[in-house]
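Enquirer: Residue numbers (my numbering), protein chains in the order written: chain E, 90 to 329; chain R, 90 to 329.
Idealized CB from N, CA, C, for every residue including glycine.
One structure, as structure tokens, below. Some questions next.
2 protein chains.
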Amino acid sequence: MRDDEKPNLRRLPLFREMSTPTFDNLMQIAYSQTFPPQLELIRQGEYADFLHVIIEGSVELHATWNGRDTVMGVVHPVSTFILAACVCDEPYLMSARTRERSQIVMIPAADVRVALRRDSDYAMAAMRELAQGYRTFVRYTKNLKLRDSLERLAAYILYQSHKLDDAASIMLPVEKRHLASYLGMTPENLSRSIKAVQEHGVTVRGLQITITDRARLAAIAVPDPLIDGPGKITASPLPA
Amino acid sequence: MRDDEKPNLRRLPLFREMSTPTFDNLMQIAYSQTFPPQLELIRQGEYADFLHVIIEGSVELHATWNGRDTVMGVVHPVSTFILAACVCDEPYLMSARTRERSQIVMIPAADVRVALRRDSDYAMAAMRELAQGYRTFVRYTKNLKLRDSLERLAAYILYQSHKLDDAASIMLPVEKRHLASYLGMTPENLSRSIKAVQEHGVTVRGLQITITDRARLAAIAVPDPLIDGPGKITASPLPA
DNA sequence: GGCTATGATTGATTAATATCAATCATCCTG
DNA sequence: CAGGATGATTGATATTAATCAATCATAGCC
Chain E
90 MRDDEKPNLR RLPLFREMST PTFDNLMQIA YSQTFPPQLE LIRQGEYADF LHVIIEGSVE
150 LHATWNGRDT VMGVVHPVST FILAACVCDE PYLMSARTRE RSQIVMIPAA DVRVALRRDS
210 DYAMAAMREL AQGYRTFVRY TKNLKLRDSL ERLAAYILYQ SHKLDDAASI MLPVEKRHLA
270 SYLGMTPENL SRSIKAVQEH GVTVRGLQIT ITDRARLAAI AVPDPLIDGP GKITASPLPA
Chain R
90 MRDDEKPNLR RLPLFREMST PTFDNLMQIA YSQTFPPQLE LIRQGEYADF LHVIIEGSVE
150 LHATWNGRDT VMGVVHPVST FILAACVCDE PYLMSARTRE RSQIVMIPAA DVRVALRRDS
210 DYAMAAMREL AQGYRTFVRY TKNLKLRDSL ERLAAYILYQ SHKLDDAASI MLPVEKRHLA
270 SYLGMTPENL SRSIKAVQEH GVTVRGLQIT ITDRARLAAI AVPDPLIDGP GKITASPLPA
């Protein structure tokens, strides 16, 4: 991989605190690659060969069973994914595909495990990353189990706005049918929920959503940091 | 805490590989307590004061929002819970209550964090525990999003049997309404699903469930280790 | 510009699940 | 043993969400 890409990685929480020799060693065997859109990077069930770090673009995590498919999350730069599978040396539980042209750094999982054993600061960072990821998933599950679909949409809008300093207007970062799947509903249902939520302090035009009455929207969403997350402080990590 | 309780803890993956001084030090400040049934040990939103280890009994993890409540999991001996909150030094995302009279060892979270920094083997073990817990939650979420309620019940029965060496007959380990909540449905709905599943290779009397035709049941459940877990190999860890 | 592919929306319908109300077991207790 | 609590079940109904089918935008693209 190119030298000018390394500082980006070095800034990541997972790599920030590791020793320089360990980092340089990992970087020598890591390689960087740019993938076209819609490419399946990882298929669930395969063994974890590489820790992936997304540098540019975005990657969607999804899961399949018995012919059905659901979006589990989206990973944005700069963060790692499928750390858990690498640590456990077990099969991936989710698949991953690029949503757009994306640059990914891949580090062989075996080398990651060696580095973890050798560098305790690195292990601490990995531990924190996994703990964050664990909590992200607990919140996601609470959202699914405790809110119905209209409430989930309202909370999603409110949270997206909150991440942007409570901006009144936001653009949906993904196609609507992918958002629908992520929120645990069908595209048709999302369409109707979008119509319904416009009775509660929101106007929608295409992918642009404007909050006209935050209090009314919040009355539906009942935002809660124990579900929606801490706000604009950190990027959400999503290992696997 | 009593000396004769320590070997039980020492056997835990999380404590097995740590150095003896670190372990002894932690044990000096840890204390063991027996709680009555139905006692709220942890309330979601509070800050993580203690890492909890369950020695005897069982503990239910649940989550609350806007007056609704849902069961997120059950923890059995010997395992830890709410590790993630301790590691992150952030509020608990779930509440925990004893299901029966239970013995719990509590280790101050601050001391756990110190021990993690000092003992890299301990950090490695915590990392693995968190990775396992993360994966457990990914599977749980996949189950909720990809299967409908009858399929979830069928998979649950099949998996409980599988954990007991494919025993033909199992006893439900929890009250039905708690199982219903865990499986993401109402008690009434579980009742009807139990009736429905008896058309597919199962007979139920009270809490006892007998599989009469495994293939027929599997045709509904479509068991998958990427959702249901690895089988009878390990106890499922559930930190937080 | 018209054509085509893709995704979004809408309407009609069905299926799944929740809710409400009542009854039925079961167990515990006095 | 009767009475009372608790949880399970059942039936009727309402709500929610999924499915099916069609239409509608939009964005390339020739």
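Examine chain R for any beta-carbon lying closer than 8 Å to the beta-carbon of VAL311(E), and answer yes or no.
Expert: Chain R, which has a Cβ nearer than 8 Å to the Cβ of VAL311(E), makes this yes.
Enquirer: So, for LEU101(E): in the same chain, excluding its five sequence neighbours on each side, which residues have a beta-carbon less than 8 Å away from its beta-carbon?
Expert: Contacts found: VAL142, VAL167, SER168, THR169.
Enquirer: Listing by chain order, which chain E residues have their CB less than 8 Å from the CB of ARG217(R)?
Expert: Ordered by position in chain E, the residues that pass the 8 Å Cβ test against ARG217(R) are VAL176, CYS177.
Enquirer: Would you mind working out which of THR159(E), PHE139(E), SER258(E) sits nearest VAL176(E), comparing C-alpha positions?
Expert: The candidate whose alpha carbon is nearest that of VAL176(E) is PHE139(E).
Enquirer: Going straight from the alpha carbon of GLN221(R) to that of ILE316(R), what length do you get?
Expert: Cα to Cα, the separation comes out at about 13 Å.
Enquirer: Is there a Cβ from chain R that is less than 8 Å from the Cβ of ARG305(E)?
Expert: No, ARG305(E) does not count as interfacial toward chain R.
Enquirer: What are the residues that DSSP puts in a beta bridge with LEU192(E)?
Expert: Position check: residue 192(E) holds Gln in this sequence, whereas Leu was assumed. GLN192(E) pairs with THR123(E), GLU145(E).
Enquirer: Return the CA-CA distance between GLU264(E) and GLN297(E), expressed in angstroms with no decimal places.
Expert: Cα to Cα, the separation comes out at about 12 Å.
Enquirer: Identify the contact partners of ALA243(R) in chain E, using a Cβ-Cβ distance below 9 Å as the criterion.
Expert: Within chain E, no residue comes near ALA243(R); the closest Cβ sits about 12 Å away, beyond 9 Å.
Enquirer: For the stretch 234-245 of chain R against the stretch 294-313 of chain R, are there 3 or more C-beta pairs whose distance is under 8 Å?
Expert: Taking 8 Å as the limit for Cβ pairs, the verdict is that the stretch 294-313 of chain R does touch the stretch 234-245 of chain R.
Enquirer: Quick one: what's GLN297(R) bridged to in DSSP?
Expert: GLN297(R) pairs with MET260(R), ARG294(R).
Enquirer: Within 8 Å, do at least three Cβ pairs link the stretch 147-160 of chain E to the stretch 108-121 of chain E?
Expert: They do not touch, by the three-pair rule.
Enquirer: Going by beta-carbon coordinates alone, are VAL194(E) and LEU128(E) separated by less than 8 Å?
Expert: Result no, Cβ atoms of VAL194(E) and LEU128(E) do not sit closer than 8 Å.
Enquirer: Would a C-beta distance cut-off of 8 Å place ALA215(R) and MET216(E) closer than the cut-off?
Expert: Yes, these two residues count as a Cβ contact at 8 Å.
Enquirer: When the cut-off is 8 Å and only beta carbons count, does TYR248(E) lie next to chain R?
Expert: Not an interface residue.
Enquirer: Taking the alpha helix (DSSP H) that MET116(E) belongs to, which residues open and close that run?
Expert: Element bounds for MET116(E): 109-118.
Enquirer: Let me know the secondary structure DSSP gives TYR136(E) once reduced to three states.
Expert: Here TYR136(E) sits in strand by DSSP.
Enquirer: Please look up how many angstroms separate the CB atoms of VAL148(R) and SER191(R), rounded, as I've assumed it's under 8 Å.
Expert: Contact holds; Cβ gap of about 6 Å.
Enquirer: Which of helix, strand or coil does DSSP assign to HIS289(E)?
Expert: Correct three-state label for HIS289(E): coil.
Enquirer: At least one CB of chain E closer than 8 Å to the CB of ARG100(R): is that the case?
Expert: No, its Cβ sits nowhere closer than 8 Å to a Cβ of chain E.
Enquirer: Please go through the same chain and pick out, in chain order, the residues whose beta-carbon is closer than 8 Å to the beta-carbon of ARG132(R), but skip the five residues on each side of it.
Expert: For ARG132(R), where only same-chain residues beyond five positions count, the Cβ hits under 8 Å are TYR181, SER184.
Enquirer: Hey, does GLY318(R) have any beta-carbon neighbour from chain E nearer than 8 Å?
Expert: No, no contact with chain E.
Enquirer: Mind checking whether THR275(R) and VAL291(R) have CB atoms under 8 Å apart?
Expert: No; because the gap between Cβ atoms is not below 8 Å, this pair is not in contact.
Enquirer: How many Å lie between ALA304(R) and GLN249(R) at the Cα?
Expert: About 15 Å.
Enquirer: Using the three-state DSSP reduction, which class does GLY318(E) fall into: helix, strand or coil?
Expert: Of the three classes helix, strand and coil, the one that applies to GLY318(E) here is coil, per DSSP.
Enquirer: Along the chain, where does the beta strand (DSSP E) that runs through ILE131(E) open and close?
Expert: Segment 129-131, the beta strand (DSSP E) holding ILE131(E).
Enquirer: From HIS289(R), ARG206(R), THR299(R), ALA152(R), pick the residue whose C-alpha is nearest to that of HIS251(R); which is it?
Expert: The candidate whose alpha carbon is nearest that of HIS251(R) is THR299(R).
Enquirer: Could you tell me the distance, in whole angstroms, from the CA atom of LYS234(E) to the CA atom of GLY273(R)?
Expert: Roughly 7 Å separates the two Cα atoms.
Enquirer: With H, G and I counted as helix, E and B as strand and the rest as coil, what does DSSP make of ASP93(R)?
Expert: In this structure, ASP93(R) counts as helix in the three-state DSSP scheme.
Enquirer: Consider the C-beta atom of PRO197(E) and the heavy atoms of the ligand GDP; say whether any pair is separated by less than 7 Å.
Expert: With respect to the ligand GDP, the structure shown offers nothing to examine, as it has no ligands at all.
Enquirer: Leaving out five residues before and five after ALA152(R) in sequence, what residues of the same chain have Cβ atoms less than 8 Å from its Cβ?
Expert: GLN133, ASP158, THR159, MET161, LEU182, MET183, SER184, listed in sequence order.
Enquirer: Return helix, strand or coil for LEU253(R), following the three-state DSSP convention.
Expert: Coil.
Enquirer: How many Å lie between HIS289(E) and ILE118(R) at the Cα?
Expert: HIS289(E) and ILE118(R): Cα-Cα distance of roughly 52 Å.
Enquirer: What does GLY273(R) reach in chain E if we use C-beta pairs closer than 7 Å?
Expert: Under the 7 Å cutoff, chain E gives LYS234.
Enquirer: Between LEU68(R) and chain E, is there a C-beta pair that is closer than 8 Å?
Expert: Nothing about residue 68(R) can be read from this structure; chain R reaches only from 90 to 329.
Enquirer: Quick check: what's the CA-CA separation for ASP200(E) versus VAL227(R)?
Expert: Computed Cα separation, rounded: 25 Å.
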